[in-house]
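Q: The structure follows.
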Amino acid sequence: MKKRIYADNAATTKLDTDALEAMKPFLTEEYSNASQPYSFARPAKKAISEARGIIAACIGAEPEEIYFTSGGTESDNWAIKGSAFSNESKLAIITSQIEHHAVLNACAAIERLGYPVDYLPVSDEGIVQPELLNRYINDRTGLVSVMLANNEIGTIEPIAELARIAHKHGALFHTDAVQAVGHIPIDVKALGVDMLSASAHKFNGMKGSGFLYIRKDADICSYVDGGAQESGKRAGTENVAAIVAMAVALRKNCEHMEVNAQKLCKLEEILLAGLSSAGIDYRRNGSSNRVPGNVNISIKGVDGEMLLHRLDLKGICISTGSACDSVNTRVSHVVEAIGVPDEYANGTIRISFGTDNDEDDAAVIAKTLIDIIIR
Ligand code: PLP
């Protein structure tokens, strides 16, 4: 059977084997609802508490600042709507044009309720310029939300500087760190953010689980109302198994971060050297300060959708825009925002390596692309 090469790790990752083992007991014997008072619930309760501590330590937070959610989309919605609904005197929001749709559509939803939202343009490397935020922000701004790393082009944003500007004007700062957590070092205190979104399935945890970091003193109202779980701020019976898996996967990713990054950078080099040596005319998108393993390129005169399907026939999984956008065949909002020239824009693909990939995978992807483009 043909070997599948999965190189779409920015869309999702494989569940880590240790995470799978750690979660199993909570799917079988230890299935109690963690909120119940009887002793059967104790292992579940303890596991959630330990997971909270592990995750907090991985991002420099306090355990009580971690709130479990159903993933990145919910965390982003909570951060944006929760902060908007918490402060009626500072209604305005500033975000960027290259955010994930979880942020863009949450902003669009509150815009329809009358909240003014500004969408900052970015540089051709996809960087949100602090000077521009300085120009847009005013004392009516209640929230600034800028992603830590872009899901399409991998660009890492100057979050600490942007957060300082937001705070100078009394605004809260949220960052969507879904593509960054588990992949680059993160310290919420050094970044100075008030909220940070993460999603477990981007760092070898389970799909449908994630967390929102909320700084202890930040006044953010509940977004999912119901029971008293998560200190009364996020109702709903906890997905204990997924929470346990998330903590194990994140700790493991953080422990191996440097080695993983070196390996992924090597794979990037092999792929791009292969394309260059065959004379393929491409532009690499994003800044050189990007998440490891992300290769977003625009190839002149070819159709990215065609490349995706031809690679699929060879058992290779990559992406064009972002995965959440795969039904949409027009040039992505990120490619548009960074101003990729027309003759290259349609040929944009994203290859995102993960730690399961090896050098052979990178070479095979390069060779297959060359065969498709040149023959
Ligand atoms: N934010 C970013 C930057 C993402 O890349 C994604 C997923 O692709 C999300 C948010 C949504 O996360 P989830 O899939 O956990 O809802």
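So the number in the numbering used here is just where the residue sits in the sequence shown, counting from 1, plus 52.
Where is the CB? At the ideal position from N, CA and C, for every residue including glycine.
These figures come from a predicted structure and were not determined experimentally.
Between the Cα of residue 352 and the Cα atoms of 282, 426, 280, 108, which residue gives the shortest distance?
A: Checked all of 282, 426, 280, 108; the closest Cα to residue 352 is 426.
Q: Grab me the residues of residue 375's own chain with a C-beta within less than 8 Å of its C-beta, minus the 5 sequence neighbours each way, in chain order.
A: Residue placement at residue 375 is poorly supported in this model, since its pLDDT is 46, which falls under 50; the coordinates are not used for a value here.
Q: Taking 7 Å as the line, does the beta carbon of residue 262 fall inside it for any heavy atom of the ligand PLP?
A: It does: the Cβ of residue 262 is within 7 Å (strictly closer) of some heavy atom of the ligand PLP.
Q: Please check the pair residue 94 and residue 143, which I expect to be a contact at CB under 8 Å, by giving their CB distance rounded to whole angstroms.
A: 44 Å between Cβ atoms; not a contact.
Q: Taking C-alpha atoms, which residue in 362, 334, 404, 305 lies nearest to residue 342?
A: Ranking 362, 334, 404, 305 by Cα distance to residue 342 puts 404 first.
Q: In whole angstroms, give me the CA-to-CA distance for residue 238 and residue 288.
A: Spanning the two alpha carbons is a distance of roughly 28 Å.
Q: In the structure shown, what three-state DSSP assignment does residue 225 receive?
A: Note: residue 225 maps to strand in three-state DSSP.
Q: Determine which residues share a DSSP beta bridge with residue 60 and list them.
A: Answer is 404, bridged to residue 60.
Q: How many whole angstroms separate the CB atoms of residue 196 and residue 223, which I take to be in contact at a CB cut-off of 8 Å?
A: Right, their Cβ atoms sit about 5 Å apart.
Q: In the DSSP assignment, find the unbroken alpha helix (DSSP H) run with residue 363 in it and report its ends.
A: Note, residue 363: alpha helix (DSSP H), 356-365.
Q: Can you list, in chain order, the residues of its chain whose CB lies under 6 Å from that of residue 298, leaving out five sequence neighbours each side?
A: Once the five neighbours on either side are set aside, the close Cβ partners of residue 298 are 252, 257, 261.
Q: Where in the stretch 125-204 do unbroken runs of the alpha helix (DSSP H), each at least 4 residues long, occur, reported from the N-terminal end onward?
A: Runs found: 153-164, 182-188.
Q: Locate the beta strand (DSSP E) running through residue 251, then write down its first and last residues.
A: Counting along the chain, the beta strand (DSSP E) containing residue 251 begins and ends at 247-251.
Q: Closer than 7 Å: is that where the CB of residue 247 sits relative to any heavy atom of the ligand PLP?
A: Checking the Cβ of residue 247 against the ligand PLP gives no.
Q: Could you check whether the Cβ of residue 203 sits closer than 7 Å to any heavy atom belonging to the ligand PLP?
A: Checking the Cβ of residue 203 against the ligand PLP gives yes.
Q: Check whether the Cβ of residue 404 sits closer than 7 Å to any heavy atom of the ligand PLP, and report yes or no.
A: For the ligand PLP, not one heavy atom lies less than 7 Å from the Cβ of residue 404.
Q: Mapping the DSSP letters down to three states, classify residue 121 as helix, strand or coil.
A: Three-state result, residue 121: strand.
Q: Look at the alpha carbon of residue 414 and the alpha carbon of residue 322, and state the distance between them as a whole number of angstroms.
A: Cα-Cα distance, rounded: 6 Å.
Q: With a threshold of 7 Å (Cβ to nearest heavy atom), would residue 385 be considered close to the ligand PLP?
A: No - the ligand PLP has no heavy atom lying nearer than 7 Å to the Cβ of residue 385.
Q: For residue 234, which residues of its own chain have a beta-carbon under 6 Å away from its beta-carbon, when the five flanking residues on both sides are left out?
A: Correct list, in chain order: 255, 302, 305.
Q: Alpha carbon to alpha carbon, how far is residue 267 from residue 387?
A: The alpha-carbon atoms of residue 267 and residue 387 are separated by roughly 33 Å.
Q: Restricting to Cα atoms, I'd like to know which of 159, 207, 176, 279 is closest to residue 345.
A: Checked all of 159, 207, 176, 279; the closest Cα to residue 345 is 207.
Q: Helix, strand or coil for residue 255 per DSSP?
A: Three-state DSSP puts residue 255 in coil, outside helix and strand.
Q: Per DSSP, residue 346 forms a beta bridge with which residues?
A: Residue 346 pairs with 404.
Q: Is residue 307 buried or exposed, if buried means 16 or more other CB atoms sit within 10 Å of its CB?
A: It counts as exposed.
Q: Evaluate residue 164 with the Cβ neighbour count: other Cβ atoms within 10 Å of its Cβ, from every protein chain shown; 16 or more gives buried, anything less gives exposed.
A: It counts as exposed.
Q: Could you tell me whether any non-hydrogen atom of the ligand PLP is closer than 7 Å to the CB of residue 197?
A: Every heavy atom of the ligand PLP is 7 Å or more from the Cβ of residue 197, so no.
Q: Along the chain, where does the alpha helix (DSSP H) that runs through residue 78 open and close?
A: Here the alpha helix (DSSP H) through residue 78 covers 69-79.
Q: Ends of the alpha helix (DSSP H) at residue 295?
A: Per DSSP, residue 295 belongs to the alpha helix (DSSP H) from 292-307.
Q: From residue 313 to residue 320, what distance separates their C-alpha atoms?
A: So the alpha carbons of these two residues sit roughly 11 Å apart.
Q: Going straight from the alpha carbon of residue 213 to that of residue 372, what length do you get?
A: The alpha-carbon atoms of residue 213 and residue 372 are separated by roughly 31 Å.
Q: Going by other Cβ atoms of all chains shown within 10 Å of its Cβ, with 16 needed for buried, is residue 101 buried or exposed?
A: Exposed, because fewer than 16 other Cβ atoms sit within 10 Å of the Cβ of residue 101.
Q: Can the beta-carbon of residue 401 be found closer than 8 Å to that of residue 178?
A: No, Cβ-Cβ distance for residue 401 and residue 178 is not below 8 Å.
Q: Please tell me whether residue 84 and residue 96 are closer than 8 Å, where the distance is taken between their beta carbons.
A: Yes, Cβ-Cβ distance for residue 84 and residue 96 is below 8 Å.
Q: Between residue 124 and residue 134, what straight-line distance do the alpha-carbon atoms span, to the nearest angstrom?
A: Looking at the two C-alpha atoms, the distance is approximately 15 Å.
Q: Using a Cβ-based criterion (distance less than 7 Å to any ligand heavy atom), does residue 141 qualify as near the ligand PLP?
A: Residue 141 Cβ: outside cutoff for every heavy atom of the ligand PLP.
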